[in-house]
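At position 62 of the sequence shown (counting the first as 1) the number is 54 in the working numbering, and the numbers step up by one without a gap.
C-beta: ideal position from N, C-alpha, C; glycine also.
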Amino acid sequence: MVYVTISAKINKELHEKLKKYGISVSKVVRRALEEEARRAEEEEVKRALERLGRILVKMPPEEIANSIRESREER
């Protein structure tokens, strides 16, 4: 895995508190960024499913069933 370095400015008081309590800034930042990326991905999937739902509502059930059958047969 390839890593990149990021930086952020924080006030001195916060930096001192983090040092005092032995908080690993890199672990906290990594976890927060991973969580934020996961939320963004979930939101993207949610929007895609909503768009798909609006399209499927307009399709007759028979057409949906035929599409599913064709897709299964292609495998």
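- Runs of the beta strand (DSSP E) lying entirely within the segment -3 to 55 and spanning at least 3 residues: none are present.
- Within the same chain, no residue comes within 8 Å of residue 14 by CB-CB distance, once the 5 residues on both sides are set aside.
- Beta-carbon to beta-carbon, residue 17 and residue 10 are separated by about 6 Å, close enough to satisfy the 8 Å threshold.
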